[in-house]
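Per numbering that gives the first Met the number 0, residue 0 is the first one in the sequence shown, and the count goes up by one each step. From the three backbone atoms N, C-alpha and C, an ideal C-beta is built for every residue, glycine too.
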Amino acid sequence: MLRQFHRAKPLQAAKLTAIVLTLLYSTGVYLRIVPSERITTLFLVPLMALALALTVVGEALYAGYRAARTDGHLTATLTADLGYTIVRAVELGTAVAAVAGVAAVVASIPAGPMSGPGAIGLFLVLVGLGVLVLLAGLLRSLAELYRHRQGARSDERRPGSFS
0 MLRQFHRAKP LQAAKLTAIV LTLLYSTGVY LRIVPSERIT TLFLVPLMAL ALALTVVGEA
60 LYAGYRAART DGHLTATLTA DLGYTIVRAV ELGTAVAAVA GVAAVVASIP AGPMSGPGAI
120 GLFLVLVGLG VLVLLAGLLR SLAELYRHRQ GARSDERRPG SFS
């Protein structure tokens, strides 16, 4: 019997759902398909991207800890599925770069009041970084879904497999 994706990989399923809903809602608000006059909807992309970036960094730290404790060769593990390793590296690199970019933007804000165009420019930089993080997370979640589906198909072909 096929295992459902949300049961096999709950974190990836939650990330995929959150990213898709965030991108759909934000695109709908931007294109004025979804009526929204609240300014708080503008902060949805940067806040979701921050939460996703923290999750990705936590995942990477945990995966690194587990890899350090195993007896196998790390290079063999990383090169076993090179495409997946590249997708994970892109997701992690984007998350770390976005967090560093936000820190650099915050550090560059001068003391005192800021003009309106300057604040809008900073906001657009944050939204751009957020969209990059969301797209990298979407790529990783779709790669996880693809791997899950491929694994389920190989289990179907194997006689006596009940997982």
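Presumed contact (8 Å Cβ cut-off) between residue i and residue j, rounded CB distance
i, j, result
"V101", "L125", "7 Å"
"A48", "L121", "The Cβ separation is near 15 Å, so there is no contact."
"A52", "A17", "That pair is no contact at about 13 Å."
Cβ pair residue i, residue j closer than 8 Å
i, j, result
"T78", "A66", "no"
"L20", "S140", "no"
"L91", "A50", "no"
Nearest neighbour of residue i, chosen from the options [CA to CA]
i, options, result
"L128", "P9, T16 and V98", "V98"
"L137", "Y29, G117, S114 and V89", "V89"
"V56", "P112, V104, S114 and A135", "A135"
"L123", "Y61, L22, A110 and V104", "V104"
"T54", "S114, A13 and A106", "A13"
Cβ shell of residue i (< 6 Å), same chain only, five flanking positions each side left out
i, result
"E143", "K8 and Q11"
Other residues of its chain near residue i: CB distance less than 7 Å, five sequence neighbours each side excluded
i, result
"L73", "A66"
"R156", "With a pLDDT of only 48 at R156, under the threshold of 50, the placement of this residue in the model should not be trusted, and no figure is reported."
"L22", "L133"
Proximal residues to residue i (C-beta, below 8 Å), its chain only, five neighbours per side dropped
i, result
"Y24", "V33, T40 and L43"
"D70", "none"
Is it the case that the stretch 30-41 contacts the stretch 77-85, given that we only count it when at least three CB pairs across the two stretches are under 8 Å? no
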